[in-house]
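Chains as they are written, first to last, in the numbering used here: chain A, 223 to 528; chain B, 180 to 532. We put the CB at the ideal spot given by N, CA and C, even for glycine. Below you'll find the structure, written out as structure tokens, and then a few comments.
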């Protein structure tokens, strides 16, 4: 395996949790809901995934439990903001705090216990392609899922009727309601989907990236995912570009340090954030298109009139 | 939020339990979660050891996840208010808050870890981890086939730079041509980044990984890639049964027990404790996955450092820029060690100015 292949492999590993969490949040925001609790749902996904995989010995059960864990937490959020019309910003922040505390409590018994690693699946024929094969087609199931989710969400939002309804709800909930669509039902489903995706992102951390449980192991990735959604102007393709770019610059700066190029490490550590923001802002600089893609009722509460 | 709950629970527990004159209340303030399996985890092990050793004579409380700022002062003050007569504050950033609260509570004894400011009722303590780093530097030099070792650093502060230098001096004592590649992750604690840094180092030819960050992630990468490494802060053998050669283990138990006893029998004094192998503050985890002669060398080196016969920073030492740091026959003083901001010759990295 060449150095370039090795680098690409680590880039995919670094980007996948971001892709998973961000693609879910993108759908949530497209429906007009801002869930700031991504970090909390991720960390809960990480711990439930780890715990289930450890209890059953099956990493696949862990993956399912991670999605479920994130989803349960997001259901709480959805209930609070949709039915009790709680403030979305405050509830989202509270969800993060709750998730961090709750995961620490659930995970207490697992500190210092090695985890179960989710294995790689070689896709026949494709994985034999030189260079691209090992990088793209010899990955674990969550990486394939992240590819599929980006393509699937893109298709769903812009090519399917249900996606159109979801965007309509996000752009103008009053009109959508008047047309007879259940705004709350659509948003509830979107939030659950977002929770499951964030949970999977967390599960990727505790099952593949670093198969272990430690408190606070998401280390702010939920916030990066949130930022990616905005900087990608709510478009799945750009979101993937942003996430992989972030991962790539992160890995390359480590290589630059290891090679001893003599640039201060503080600057290099900043680089992934800087590069991602600059590139995404540059490719989305068209104002009309940004306005077109921004969910118009993002973060606004909706109370159906009877 | 968790902190508030913990603090509230602590306050509640203290309010419910009737004060018993003969019980000494001891409080601990941690910067991280006790579940970090690193720094705060080891301090909490020390707290548990105090409970076990002194049983009914003490009652301990801890507050975790306390950020280094105004929160710290409030937390420490609350512990003092709740009747704790001995309070351990276990992070560098708690230094000024500890001193401030100590002024208000002259009858409470404070112990601040890794700081340098003391008062009549504030003692300081830290451990000479660099002694262990010298030993693992020697082991690394013996075990590396490529002659290149990867070193994952957290922040370029004296504590970490001292560790890199000590590691390098140990490695050079075995193989003068050893190379150390350093990667900074600018975090104490981010398993993902630590793993990425380890992978980058391995992809660039390092075949031994050493770390000064807190998670077992780099060791897991070493295990997966079939190379070797060292645990940090606690014994991490369960994460890397084939890759961990040994680990530098923080041991606060003896110190905490001794200081708590000192408060009970009234002999407590404000002091500065900076102990290493000799004070049993730093231990080496069992040597594993090593040939017998290397184990013997490591044990001998550790014993010589413990007895004071060998000092990792004994001269002659040349700085990276070629100037002389200390002459043959002399040893770097603690003041230089505490403020170390330069590399020894041979480290393949540039310190940020």
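8 Å Cβ cutoff, residue i in contact with chain A
i, result
"residue 417 of chain B", "yes"
"residue 432 of chain B", "no"
"residue 489 of chain B", "no"
"residue 270 of chain B", "no"
"residue 376 of chain B", "yes"
"residue 263 of chain B", "no"
"residue 216 of chain B", "yes"
"residue 369 of chain B", "yes"
"residue 363 of chain B", "yes"
"residue 180 of chain B", "Annotation note: pLDDT 48 at residue 180 of chain B (below 50); position unreliable, coordinate value reported separately. By this cut-off, residue 180 of chain B is an interface position."
Any C-beta of chain B under 8 Å from that of residue i
i, result
"residue 529 of chain A", "This structure gives no information on residue 529 of chain A, because the portion of chain A shown stretches from 223 to 528."
"residue 229 of chain A", "yes"
"residue 236 of chain A", "yes"
"residue 242 of chain A", "no"
"residue 353 of chain A", "no"
"residue 368 of chain A", "no"
"residue 430 of chain A", "no"
"residue 479 of chain A", "yes"
"residue 336 of chain A", "yes"
"residue 476 of chain A", "yes"
"residue 281 of chain A", "no"
Residue burial classification, residue i (beta-carbon count within 10 angstroms, cutoff 16)
i, result
"residue 479 of chain B", "exposed"
"residue 470 of chain B", "exposed"
"residue 234 of chain B", "exposed"
"residue 197 of chain B", "Legend: pLDDT at residue 197 of chain B = 46, less than 50; position of this residue unreliable, no value from coordinates given."
"residue 489 of chain A", "exposed"
"residue 446 of chain A", "buried"
"residue 345 of chain B", "buried"
"residue 503 of chain A", "exposed"
"residue 273 of chain B", "buried"
"residue 280 of chain B", "buried"
"residue 377 of chain A", "exposed"
"residue 406 of chain B", "buried"
"residue 285 of chain B", "exposed"
"residue 319 of chain B", "buried"
"residue 477 of chain A", "buried"
"residue 427 of chain B", "buried"
"residue 360 of chain B", "buried"
"residue 341 of chain A", "exposed"
Residue i, enclosing alpha helix (DSSP H) - first and last residue
i, result
"residue 268 of chain A", "260 to 278"
"residue 396 of chain B", "396 to 404"
"residue 322 of chain B", "308 to 322"
"residue 476 of chain B", "471 to 486"
"residue 514 of chain A", "509 to 515"
"residue 463 of chain B", "Taken as a continuous stretch (DSSP letters only), residue 463 of chain B belongs to no alpha helix (DSSP H), being part of the beta strand (DSSP E) at 461 to 463."
"residue 293 of chain B", "Segment: none, residue 293 of chain B is in no alpha helix (DSSP H) and carries neither H nor E."
"residue 246 of chain A", "225 to 252"
Proximity winner among the options, relative to residue i (alpha-carbon distances)
i, options, result
"residue 367 of chain A", "A:306, A:328, A:426 and A:494", "A:426"
"residue 511 of chain B", "B:501, B:526, B:495 and B:524", "B:495"
"residue 213 of chain B", "B:441, B:513, B:258 and B:394", "B:394"
"residue 277 of chain A", "A:482, A:329 and A:262", "A:329"
"residue 295 of chain B", "B:451, B:313 and B:504", "B:451"
"residue 518 of chain B", "B:252, B:293 and B:463", "B:293"
"residue 237 of chain A", "A:324, A:498, A:503 and A:513", "A:498"
"residue 431 of chain B", "B:449, B:477, B:513 and B:267", "B:267"
"residue 330 of chain B", "B:322, B:342 and B:336", "B:342"
"residue 165 of chain B", "B:402, B:449, B:227 and B:372", "Nothing in the structure corresponds to residue 165 of chain B, since chain B is present only between 180 and 532."
"residue 392 of chain B", "B:409, B:404, B:405 and B:379", "B:409"
"residue 243 of chain A", "A:259, A:298, A:408 and A:360", "A:259"
"residue 275 of chain B", "B:247, B:286, B:260 and B:258", "B:247"
"residue 239 of chain B", "B:205, B:256, B:359 and B:264", "B:205"
"residue 260 of chain B", "B:283, B:465, B:245 and B:226", "B:283"
"residue 398 of chain B", "B:314, B:208 and B:424", "B:424"
"residue 396 of chain B", "B:380, B:302, B:404 and B:418", "B:418"
"residue 288 of chain B", "B:477, B:231, B:523 and B:442", "B:442"
"residue 524 of chain B", "B:263, B:352 and B:309", "B:352"
Beta strand (DSSP E) segment containing residue i, residue limits
i, result
"residue 275 of chain B", "Run containing residue 275 of chain B: none in the beta strand (DSSP E); it sits in the alpha helix (DSSP H), 274 to 283."
"residue 361 of chain A", "360 to 362"
"residue 453 of chain B", "451 to 454"
Below-8 Å beta-carbon distance, residue i vs any chain D residue
i, result
"residue 275 of chain A", "Structure shown: chain D not included; protein chains present are A and B."
Uninterrupted beta strand (DSSP E) stretches inside the segment 281 to 349 of chain A (no shorter than 3 residues): The beta strand (DSSP E) runs of length 3 or more contained entirely in the segment 281 to 349 of chain A are, from start to end of the chain, 342 to 344.
Review point. Which full runs of the beta strand (DSSP E) of 3+ residues lie inside the segment 238 to 270 of chain B, going along the chain?
Key: Here the runs fully enclosed are 265 to 268.
Q: For the segment 378 to 447 of chain B, list the beta strand (DSSP E) runs that are entirely contained and at least 3 residues long, ordered along the chain.
A: The qualifying runs are 387 to 390, 407 to 412 and 423 to 429.
At 4 residues or longer, what runs of the alpha helix (DSSP H) sit wholly inside the segment 426 to 474 of chain A? For secondary structure counted as the alpha helix (DSSP H) over 4 or more consecutive residues, the segment 426 to 474 of chain A holds these complete runs in sequence order: 443 to 453.
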